[in-house]
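Worksheet: one structure, shown below.
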Amino acid sequence: MEQGSALALPMREDGAPIRFLCVDDSEFMLKSLRQIITSFGGEVVDFAHDGLEALHKYQGLADQIDIVTLDITMPNMDGLTCLDKLREMNPKVRIIMISALGSGEVVKTAILKGAKHFIVKPFQRQKVYEAIVSVHAKR
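Residue numbers for the sequence shown follow our numbering, beginning at -7 and rising by one.
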């Protein structure tokens, strides 16, 4: 049995899997997130490589996205600025920040700006699972 395969995400109220927009400038991190999310039964609807691309994709896919995973350090628009803009578009957007910058101040800033959870890279499968379950439960 693959590590972590026994864990399954809850389903949406309509019975569909939880759907994600994953935002990170690292292709490796995006692939890792997709593998982890799909192994838990989630669905990655799309990817973005920076904050600007994330805004454009979210604008067109907002009704299909349950949770956005968002890196902090990216080109063109950083994650904290993108967080602000996403919340302007949809104040109820659920965002999990994922970053190597795990200082208390960065985490505090992200949470105060409206992020629902924060995961420090390199992330562990169990931590990603716990974050998703926690954020999905917050309506």
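All C-beta atoms in this analysis are idealised placements derived from N, C-alpha and C, irrespective of residue type, glycine included.
For clarity, every value in this text was computed on a predicted model and none was experimentally measured.
Point to revise | the region 69 to 83 contacting the region 17 to 28, beta-carbon criterion three pairs below 8 Å | key: no
Check your understanding: Can the beta-carbon of Leu62 be found less than 9 Å from the beta-carbon of Phe39?
Key -> no
Check your understanding: How many angstroms separate the CA atom of His128 from the CA atom of His41?
Key -> 23 Å
Practice item. Step through the CB atoms of chain C and report whether any lies within less than 9 Å of the CB of Glu35. Key: The question asks about chain C, but that chain is absent: this structure has only one protein chain.
Point to revise | For Glu35: DSSP bridge partner residues | key: Arg11
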